[in-house]
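J.:
2 protein chains.
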Amino acid sequence: MASQTEENYLKTLFNLANDKNEVNISELAAQMQVSMPTVNSMVKTLQKNDWLIYEKYKPVILTQKGKKEAALIIRKHRLTEMFLVNKMGFGWEEVHEIAEQVEHIHAPKFFERMDEMMGFPTIDPHGSPIPDKQGRIQEINYLTLSKCKAGQTVILAALTNSSTEFLEFLNSRELSLGTELTINSVENYDQSMVATYVGHTSETLSEKVCERLLVRVIG
Amino acid sequence: MASQTEENYLKTLFNLANDKNEVNISELAAQMQVSMPTVNSMVKTLQKNDWLIYEKYKPVILTQKGKKEAALIIRKHRLTEMFLVNKMGFGWEEVHEIAEQVEHIHAPKFFERMDEMMGFPTIDPHGSPIPDKQGRIQEINYLTLSKCKAGQTVILAALTNSSTEFLEFLNSRELSLGTELTINSVENYDQSMVATYVGHTSETLSEKVCERLLVRVIG
DNA sequence: TTATAATGTTAGATTTATCTAACAAAATTG
DNA sequence: CAATTTTGTTAGATAAATCTAACATTATAA
Numbered sequence: 001m002a003s004q005t006e007e008n009y010l011k012t013l014f015n016l017a018n019d020k021n022e023v024n025i026s027e028l029a030a031q032m033q034v035s036m037p038t039v040n041s042m043v044k045t046l047q048k049n050d051w052l053i054y055e056k057y058k059p060v061i062l063t064q065k066g067k068k069e070a071a072l073i074i075r076k077h078r079l080t081e082m083f084l085v086n087k088m089g090f091g092w093e094e095v096h097e098i099a100e101q102v103e104h105i106h107a108p109k110f111f112e113r114m115d116e117m118m119g120f121p122t123i124d125p126h127g128s129p130i131p132d133k134q135g136r137i138q139e140i141n142y143l144t145l146s147k148c149k150a151g152q153t154v155i156l157a158a159l160t161n162s163s164t165e166f167l168e169f170l171n172s173r174e175l176s177l178g179t180e181l182t183i184n185s186v187e188n189y190d191q192s193m194v195a196t197y198v199g200h201t202s203e204t205l206s207e208k209v210c211e212r213l214l215v216r217v218i219g
Numbered sequence: 220m221a222s223q224t225e226e227n228y229l230k231t232l233f234n235l236a237n238d239k240n241e242v243n244i245s246e247l248a249a250q251m252q253v254s255m256p257t258v259n260s261m262v263k264t265l266q267k268n269d270w271l272i273y274e275k276y277k278p279v280i281l282t283q284k285g286k287k288e289a290a291l292i293i294r295k296h297r298l299t300e301m302f303l304v305n306k307m308g309f310g311w312e313e314v315h316e317i318a319e320q321v322e323h324i325h326a327p328k329f330f331e332r333m334d335e336m337m338g339f340p341t342i343d344p345h346g347s348p349i350p351d352k353q354g355r356i357q358e359i360n361y362l363t364l365s366k367c368k369a370g371q372t373v374i375l376a377a378l379t380n381s382s383t384e385f386l387e388f389l390n391s392r393e394l395s396l397g398t399e400l401t402i403n404s405v406e407n408y409d410q411s412m413v414a415t416y417v418g419h420t421s422e423t424l425s426e427k428v429c430e431r432l433l434v435r436v437i438g
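Chains as they are written, first to last, in my numbering: chain A, 1 to 219; chain B, 220 to 438.
1) Using only CA atoms, which one of A:A107, A:P59, A:V95 and A:S206 lies nearest to C329 of chain B?
2) Taking all protein chains shown into account, decide if S202 of chain A is buried (16 or more other Cβ within 10 angstroms of its Cβ) or exposed.
3) Taking only beta carbons into account, state which residues of the stretch 69-98 of chain A come closer than 9 angstroms to chain B, listed in chain order.
4) Buried or exposed for H104 of chain A, please, with buried defined as at least 16 other CB atoms from any protein chain shown within 10 angstroms of its CB.
5) Give me the residue from B:F233, B:V417 and B:I272 with the minimum Cα distance to L375 of chain B.
6) What does V102 of chain A touch in chain B if you count any residue whose Cβ is under 7 angstroms from its own?
7) Using the Cβ count rule (16 or more neighbours within 10 Å means buried), how would you classify P344 of chain B?
8) Return the residue from the list A:V194, A:E93, A:R136 and A:P129 that minimises the CA-CA distance to E168 of chain A.
9) Give the secondary structure of E430 of chain B by DSSP, where H, G and I count as helix, E and B as strand, and everything else as coil.
10) Quick one: Cα of E384 of chain B to Cα of E6 of chain A, how far?
11) Would you call the CB atoms of L52 of chain A and V39 of chain A closer than 8 angstroms?
12) Quick check: the stretch 356-364 of chain B against the stretch 388-395 of chain B, are there 3 or more CB pairs under 8 angstroms?
13) Just to check, is the beta-carbon of S163 of chain A closer than 7 angstroms to a non-hydrogen atom of the ligand NAP?
14) State the DSSP-derived secondary structure class of P131 of chain A, mapped to helix, strand or coil.
15) Taking Cβ positions only, does S329 of chain B come closer than 8 angstroms to chain A?
16) Kindly indicate if chain A contains any beta-carbon less than 8 angstroms away from that of R355 of chain B.
17) Kindly confirm or deny that the stretch 63-78 of chain A and the stretch 117-136 of chain A touch, where touching means at least three C-beta pairs closer than 8 angstroms.
18) If you pair each beta-carbon of the stretch 293-307 of chain B with each one of the stretch 260-270 of chain B, do three or more pairs fall below 8 angstroms?
19) Taking only beta-carbon atoms, is M117 of chain A less than 8 angstroms away from chain B?
20) Whole angstroms are fine: how far does the CA of N380 of chain B sit from the CA of K65 of chain A?
21) Consider the Cβ of R113 of chain A: report whether some Cβ of chain B lies at a distance smaller than 8 angstroms.
22) Please confirm whether N184 of chain A and A195 of chain A have their CB atoms less than 8 angstroms apart.
23) If we ignore side chains and look at the alpha-carbon of each, how far apart do Y54 of chain A and S41 of chain A end up?
24) How should R212 of chain A be labelled, buried or exposed, when 16 other C-beta atoms within 10 angstroms of its C-beta is the threshold for buried?
25) List the DSSP bridge partners of V436 of chain B.
26) Which class does N394 of chain B belong to by DSSP, given the choice of helix, strand or coil?
27) Would you kindly report the start and end of the unbroken beta strand (DSSP E) that includes M193 of chain A?
28) Are the Cβ atoms of G346 of chain B and L433 of chain B separated by less than 8 angstroms?
29) I'd like to know whether the C-beta atoms of M82 of chain A and P108 of chain A end up nearer to each other than 8 angstroms.
30) Give me the Cα-Cα distance between Q101 of chain A and G135 of chain A, rounded to the nearest whole angstrom.
31) Does the distance from the CB of L235 of chain B to the CB of Q250 of chain B come in under 8 angstroms?
32) Judging by CA-CA distance, which residue of B:E426, B:I437 and B:Q357 is the nearest neighbour of Q371 of chain B?
33) To the nearest angstrom, report how far apart L378 of chain B and G397 of chain B are at their CA atoms.
34) If we ignore side chains and look at the alpha-carbon of each, how far apart do D19 of chain A and S245 of chain B end up?
35) Taking the continuous alpha helix (DSSP H) assigned at H315 of chain B, which residues delimit it?
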């Protein structure tokens, strides 16, 4: 069984993996907020337990076993976030920290009960997919709002960033998943958008914000 | 902040403390399932952080700070057990293991929400009192069933032991907190009792079982 | 009340997860 | 393509939590 620390490395590796499934030591060190030698020694340990493939001076790659384990930890994290929001009344900006701890609990029935009580949700409160019990992730390809054009109508479906600050910004503008937005115009100079949605006419959204909003185009 | 390991020592110290608030190193070692030298070095660490008082060759005593910390961990444990039973549908025999992990989560709001959702319960599923937010415990003095006499009627209020095996035994006899029992007779030879309660006439309960059942006499 | 048993301590080793300093390889760029 | 920068590795140290072996103190009991 992976230690709590190892679980955090696996999860981070899964999230950082690029199209080739590779992660650099330096990226991992930055994300985990530890030094490169620490990562170096940890990837050797993880390799011994067949969680990943490592060769000197090469980026690391999770094995199938490693990927599955990581996905199951992410599953616990996202189920917890959804449970906290839907069953315990937390705001979407409050749940990450708690889920970060709850995800390490070893008690399959605990998470199965959450899942059941929520009716087997497929996404978490930030629109990210919840891996299934086999660790499979249903990948949905949303568009970032910044790729959309003036005149289009879209539904806010997910976020590419879920920092507390960003979530609080969205709260302040009354933007939540499911909100239907119509793009009035796109400013050529800075790519900011002006949009209209329930309760808000001509709300300006900076490019930075638009890049972090994932949408489904409906018109 | 106490580490998870330190939290476990504090909790165990609290539970083992006798009338003088003292705990022997050997008891603690046995309960924690570690060697005496491990305990010896840990109590020195705990003393440095003012969790307890330690003098060579003397039993250790929790400080006020240590007692409060321990009580607050026990509070998280018992709130969790109650939440698992009342809000998530677990059986009372399933919750200890999960609570043992959840009690170490640092997220005051998480436990406050549980507390709120349950209407601020004062006992856990096994009848043990839940310490309040200040770490104060309301001590209730129940009688063990074994101290009662033939002819008395009692209500099952709490347990002195909550092992899975004992809880499963109680389940098998349909005994739960709140059950009203009438003692038909007490066997002189082995102190076993014959009792009657809803759905059960003349159920025999061994002395071992009677000692573990805490009751309130009502007639 | 002394011998024995039980309890507690010290010393020193181990594992895990981390660090800094020094060095080596790979990538970038003038 | 050689110099420099970035990235990665090795060596060695540290702190936490554990162990065993050996020794010391306290308690018990003949």
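Glycine included, every Cβ here is placed at the ideal spot set by N, Cα and C.
T.: Straight from the coordinates:
1) In the second sequence, counting from the first residue as 1, residue 329 of chain B sits at position 110. This sequence places Phe at residue 329 of chain B; Cys is not what is there. Selected option, being the one with the closest Cα: A:V95.
2) Counting from one through the first sequence, the residue named residue 202 of chain A turns up at place 202. S202 of chain A should be labelled exposed.
3) L84, K87, M88, G89, F90, E94, E97 and I98
4) Translated into positions along the first sequence, residue 104 of chain A becomes position 104. Classification for H104 of chain A: buried.
5) Position 156 of the second sequence, counting from 1, holds the residue named residue 375 of chain B. Ranking the options by Cα distance to L375 of chain B, first place goes to B:V417.
6) Here residue 102 of chain A refers to the residue found at position 102 when the first sequence is read from its first residue. I324, listed in chain order.
7) As a working mapping, residue 344 of chain B is identified with position 125 in the second sequence. The residue is buried, with at least 16 neighbouring Cβ atoms inside 10 Å.
8) On the first sequence, position 168 is the one that residue 168 of chain A refers to. Taking only the C-alpha atoms, the option nearest E168 of chain A is A:E93.
9) Along the second sequence, read from residue 1 onward, the residue named residue 430 of chain B stands at position 211. Correct three-state label for E430 of chain B: helix.
10) Position 165 of the second sequence, counting from 1, holds the residue named residue 384 of chain B. Position 6 of the first sequence, counting from 1, holds the residue named residue 6 of chain A. For E384 of chain B and E6 of chain A, the distance between alpha carbons rounds to 33 angstroms.
11) If you number the first sequence from 1, residue 52 of chain A lands on position 52. If you number the first sequence from 1, residue 39 of chain A lands on position 39. Not a contact, by the Cβ cut-off of 8 angstroms.
12) no
13) In the structure on display, the ligand NAP does not appear, and there are no ligands present to speak of.
14) Locating residue 131 of chain A in the first sequence gives position 131, counting from the first residue. Here P131 of chain A sits in coil by DSSP.
15) By 1-based counting over the second sequence, the position of residue 329 of chain B is 110. The identity of residue 329 of chain B in the sequence shown is Phe, whereas the question assumes Ser. Judged by the 8 angstroms Cβ criterion, F329 of chain B is in contact with chain A.
16) Counted from its first residue, the second sequence places residue 355 of chain B at position 136. So no, R355 of chain B is outside the interface.
17) yes
18) no
19) Here residue 117 of chain A is taken as the residue at index 117 of the first sequence, counted from 1. Yes - at least one Cβ of chain B is within 8 angstroms of the one on M117 of chain A.
20) Taking the first residue of the first sequence as position 1, residue 65 of chain A is located at position 65. Taking the first residue of the second sequence as position 1, residue 380 of chain B is located at position 161. The straight-line gap from Cα to Cα measures roughly 40 angstroms.
21) On the first sequence, position 113 is the one that residue 113 of chain A refers to. Answer yes: the Cβ-Cβ gap between R113 of chain A and chain B drops below 8 angstroms somewhere.
22) Taking the first sequence and counting its residues from 1, the one referred to as residue 184 of chain A is at position 184. Taking the first sequence and counting its residues from 1, the one referred to as residue 195 of chain A is at position 195. Contact flag set, yes.
23) Position 54 of the first sequence holds residue 54 of chain A. Position 41 of the first sequence holds residue 41 of chain A. Cα to Cα, the separation comes out at about 11 angstroms.
24) Walking along the first sequence from the start, residue 212 of chain A turns up at place 212. R212 of chain A is buried by the Cβ-count criterion.
25) Here residue 436 of chain B corresponds to residue number 217 of the second sequence, with the count starting at 1. Answer by DSSP bridge pairing, in chain order: B:V373.
26) Locating residue 394 of chain B in the second sequence gives position 175, where the first residue counts as 1. The identity of residue 394 of chain B in the sequence shown is Leu, whereas the question assumes Asn. Three-state DSSP puts L394 of chain B in coil, outside helix and strand.
27) Counting from one through the first sequence, the residue named residue 193 of chain A turns up at place 193. Residues M193 to Y197.
28) Counting from 1 along the second sequence, the entry for residue 346 of chain B is found at position 127. Counting from 1 along the second sequence, the entry for residue 433 of chain B is found at position 214. It is a contact, given that the beta carbons lie within the stated cut-off.
29) Taking the first sequence and counting its residues from 1, the one referred to as residue 82 of chain A is at position 82. Taking the first sequence and counting its residues from 1, the one referred to as residue 108 of chain A is at position 108. No.
30) For this step, residue 101 of chain A is matched to residue 101 along the first sequence. For this step, residue 135 of chain A is matched to residue 135 along the first sequence. Their Cα atoms are separated by approximately 19 angstroms.
31) The count along the second sequence starts at 1 and reaches residue 235 of chain B at position 16. The count along the second sequence starts at 1 and reaches residue 250 of chain B at position 31. For L235 of chain B and Q250 of chain B, yes; Cβs fall inside 8 angstroms.
32) Start at 1 with the first residue of the second sequence, and residue 371 of chain B comes out as number 152. Cα-wise, what sits closest to Q371 of chain B is B:I437.
33) Sequence index remark: in the second sequence, residue 378 of chain B carries index 159 (1-based). Sequence index remark: in the second sequence, residue 397 of chain B carries index 178 (1-based). Looking at the two C-alpha atoms, the distance is approximately 12 angstroms.
34) Your numbering for residue 19 of chain A matches position 19 in the first sequence. Your numbering for residue 245 of chain B matches position 26 in the second sequence. Rounded to whole angstroms, D19 of chain A to S245 of chain B spans 56 angstroms at the Cα level.
35) By 1-based counting over the second sequence, the position of residue 315 of chain B is 96. Where H315 of chain B is concerned, the enclosing alpha helix (DSSP H) stretches over V314 to V321.
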